[in-house]
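The structure appears below as structure tokens.
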Amino acid sequence: MLFKIALASLINRKLTVFLAIFSIAISIAIVLSVEHIRHQAKESFANTISGTDLIVGARSGRINLLLYSVFRIGNATNNISWRSYQAIKQQQEVLWTIPISLGDSHEGYRVLGTVNDYFVHYRYRNKNSLSFKSGAEFKGVYDVVLGSAVAKKLQYEIGQKIVLAHGVASVSFVNHDDKPFTIVGILNATGTPVDKTVHISLAGMEAIHLGWRNGVPNPGLKINAQDALNKDLTPKNITAVYLGLKNRISTFSVQRRINDTKQEPLMAILPGVVLSELWQTMNIIEKILALIAGLVAATSLLGMITMMLSTIKQRDREIAVLRAIGAPAKFIFGLIQLEVIAIVLIGIALGIGFFWGGMLLSGPIISNVYGLTLTTNPFTLATGLYSLIILLVAIIFACLPASIVYRQSLRQGLTVKE
Amino acid sequence: MTTTATTANLKKSNAISMHDVKFYWSKTTPPTLNIKDWHIDKGQSVFLYGRSGSGKSTLLNIIAGILEPQQGVVNILDQDITRLGQVEKDRFRARHMGVIFQQFNLIPYLSVVDNIQLSQTFSAAKRSKEQMVHLVEQLGLPADLLLRKANQLSVGQQQRVAVARALHHQPEIIIADEPTSALDTETRDEFIELLLQQAKTNNSAVLFVSHDKSLACYFDQTIDLQKLNAIESHHHAV
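So the protein lines, in turn, are chains A and B. 1202 is the number that the working numbering gives to position 267 of the first sequence; each next residue is one higher, with no gaps. 222 is the number that the working numbering gives to position 185 of the second sequence; each next residue is one higher, with no gaps.
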């Protein structure tokens, strides 16, 4: 009978109850989405680079090295000489190396000078390697391979010629317009900074800087694109090196040896370790997101309680009737609680539905644009946990109207004040 | 009024009896209710005349076991309900009493059937659907009314459904608090006749409270609450 009354009472107040359910559903969907996004962001962040055992750069900050070498954020304070790179490459524990050289840009996208090994050995998220959406790796000096976001945003296609700009400002005053590059490959989306990178060969990088002194072209030493091909295009410096080791056990000994290099101040970092350090520094964002989601949920629950409180006055008679029939005050308390629980449970179910629908709708778009395959299963432990927390908080909140009604039902007795 | 000597003998057949009952809303004010000695026999119909402010809601709440007097004995069916706990009082009320208010007796969003069955739920009485239909017919209500929602009924119909609910679980005592004040004269007389007739069939005592003295003629006994209640004068008892 309690269930029947509670249900009939809710149906009787369809509109307000529907609004309460809807607001709870929205807040559940927000809480779950925020949690999902936070989790996925953390995952995708940690998976920006994988399979690389060490990253070597000039001695500076660990996070700084990670930022410029992996995320293309900021600049290297110094370079690594080609000779040091060769020494590292020749260490017996080293399986492969990817030298990278940064410093130029195209339409605001960073240009990365590297070797074809980059397309072979670079790994992201669960050891996925890069793949070509169209075209292939570099063959000539003036070949360029674009990350998916660059190609999409600038609407570039294979065979098009582009000019690189010196420096990394979005508006550059010095362009390498004497040596245009030809697009030979476009990569698939990865959801990593690779998508926003313009890749050229180290030789190409060297060629466009021939005759430059101190970061500006020397007018007397201008060499055209064709002549440059006959010059020695071995770079003198590179920015950083990704290292893959034969055996991961040797990671620390190789790291120590590189850090102790006497000839040049070098530094090697374990990308996974520094990535998690970096994520720690962004902890506050995570917390703020969680806080906002929590506040949204609390607000919608408070809204529902306000609704319950405002109906108490109108339910005076109903309660007097129930009491007269012999309903214990506990029954009245239970009735209010049950109504709240019903509203919240329906809200949770609907919210999970919204969240699921949202994921199913946005999943293909996200995967297409960012190359991130998000899990679309809404029935995770986290979902259950958050739903349970919200239900418990609702029950605690509902004690307020329920106990007001309880006390009122004891005091008011059989008579209703008009 | 009975004397103390006969109380013991009559007690067995009493539906309600009260002795030295005093009720104060607060310690500093004089008692709202002060009843020396009063009883209603089983199966008797009693008209209790009381103007507003005469303490009748307090009296009804005490009989129903919702308010507790600071002093005195309140025997309902030979059970001193002041000795019962709150939950026991609720159960006792559910089992042995039927209450009819002035208006709004029904849960508006429940059907008539559910409203009538409510009393059964809390009293744990075993009554069949046929008995309910029979009762509803006896009260002159059409059978198709049962499935309608309470708020779709006229006031007169609602009051009759209230009678059905009050009687369905066959309580020994019916408490009716101004149940006719929302009815017009014609439906009022019909209502009282039906109520008393059904109560008699069921052998229930009726305590009918009203400020309208013209209704007194329908009842076995008439009591003026102002005389019963010894707060202003002390001449009524013995």
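Just so it is clear, CB atoms sit at the ideal spot from N, CA and C, and this is done for glycine as well.
Asked                                                                                                                                                                                                : Found
Would residue 985(A) pass as a contact of residue 1059(A) if the rule is Cβ separation under 7 Å?                                                                                                    : yes
Have a look at residue 946(A) and residue 66(B) and give me their C-alpha separation to the nearest angstrom.                                                                                        : 46 Å
By how many angstroms is the C-alpha of residue 79(B) removed from the C-alpha of residue 250(B)?                                                                                                    : 23 Å
If you draw a straight line from the C-alpha of residue 1203(A) to the C-alpha of residue 998(A), how long is it?                                                                                    : 11 Å
Check whether the Cβ of residue 60(B) lies closer than 7 Å to any Cβ atom in chain A.                                                                                                                : no
Since residue 86(B) sits in a beta bridge, which residues does DSSP pair it with?                                                                                                                    : 247(B) and 261(B)
Should residue 1119(A) and residue 1048(A) be called a contact, given that it needs their Cβ atoms to be closer than 7 Å?                                                                            : no
Would you kindly check if the distance between the Cβ of residue 1340(A) and the Cβ of residue 1278(A) is under 7 Å?                                                                                 : no
Does the separation of the CB atoms of residue 1076(A) and residue 1164(A) fall below 7 Å?                                                                                                           : yes
Check whether chain B comes within 7 Å of residue 1274(A), counting only Cβ atoms and requiring the distance to be less than that.                                                                   : no
What first and last residue would you give for the beta strand (DSSP E) that runs through residue 1031(A)?                                                                                           : 1029-1041
Could you tell me which residues DSSP puts in a beta bridge with residue 1101(A)?                                                                                                                    : 1039(A)
Where DSSP assigns a beta bridge to residue 226(B), which residues make up the other side?                                                                                                           : Looking at the DSSP assignment, residue 226(B) forms no beta bridge with any residue, so it has no partner.
Use the C-beta contact count for residue 1230(A): other C-beta atoms within 10 angstroms, 16 or more gives buried, fewer gives exposed.                                                              : exposed
Is residue 1322(A) buried or exposed, if buried means 16 or more other CB atoms sit within 10 Å of its CB?                                                                                           : buried
Taking Cβ to Cβ, would you say residue 233(B) is nearer than 7 Å to residue 82(B)?                                                                                                                   : yes
Residue 1035(A) and residue 1004(A) look like a contact to me (Cβ under 8 Å); what is the Cβ gap, rounded to whole Å?                                                                                : 7 Å
Mind listing which residues of the region 1256-1280 of chain A have their C-beta closer than 9 Å to chain B's C-betas, in chain order?                                                               : 1256, 1257, 1258, 1259, 1260, 1261, 1262, 1263, 1264, 1265 and 1266
Kindly indicate the opening and closing residues of the alpha helix (DSSP H) around residue 1248(A).                                                                                                 : 1218-1249
Excluding five sequence neighbours on each side, which residues of the same chain lie with their C-beta closer than 8 Å to the C-beta of residue 106(B)?                                             : 58, 59, 60, 70, 99 and 119
One question on the structure: do residue 943(A) and residue 1273(A) come within less than 7 Å of each other, judged by their Cβ atoms?                                                              : no
Is the Cβ-Cβ distance between residue 1263(A) and residue 124(B) less than 7 Å?                                                                                                                      : yes
Would you identify the three-state DSSP class for residue 221(B), choosing helix, strand or coil?                                                                                                    : coil
Just the Cα atoms here: how many angstroms apart are residue 1042(A) and residue 1245(A)?                                                                                                            : 59 Å
Strictly by DSSP, which residues pair up with residue 75(B)?                                                                                                                                         : 55(B)
Suppose the cutoff is 7 Å on Cβ atoms and the five residues either side in sequence are ignored; what does the same chain contact list for residue 888(A) look like?                                 : This structure cannot settle anything about residue 888(A), because the visible part of chain A is limited to 936 through 1353.
Fully enclosed by the region 946-1028 of chain A, which alpha helix (DSSP H) runs are 4 residues long or longer?                                                                                     : 949-981, 997-1005 and 1017-1024
Under 7 Å, Cβ to Cβ, is there at least one residue of chain B near residue 943(A)?                                                                                                                   : yes
Excluding the 5 residues preceding and the 5 following residue 1141(A) in the sequence, name in chain order all residues of the same chain whose CB lies nearer than 6 Å to its CB.                  : 1168 and 1170
Less than 8 Å between the CB atoms is what I'm expecting for residue 1260(A) and residue 162(B), so what's the real figure, rounded?                                                                 : About 12 Å; that fails the 8 Å criterion.
Please report the Cβ distance between residue 1146(A) and residue 1156(A), rounded to the nearest whole angstrom; I am assuming they are in contact, meaning their Cβ atoms lie under 8 Å.           : 3 Å
Work out the CA separation of residue 1121(A) and residue 1092(A) for me, nearest whole Å.                                                                                                           : 8 Å
Is it buried or exposed for residue 1333(A), if we count other Cβ within 10 angstroms and need 16 for buried?                                                                                        : buried
Less than 7 Å between CB atoms is the rule here; does residue 936(A) satisfy it with respect to chain B?                                                                                             : yes
Run through DSSP, which three-state label would residue 185(B) get?                                                                                                                                  : coil
Identify, in the order they occur along the chain, each residue of the same chain with its Cβ nearer than 8 Å to the Cβ of residue 1010(A), setting aside the five sequence neighbours on each side. : 1003, 1037, 1038 and 1103
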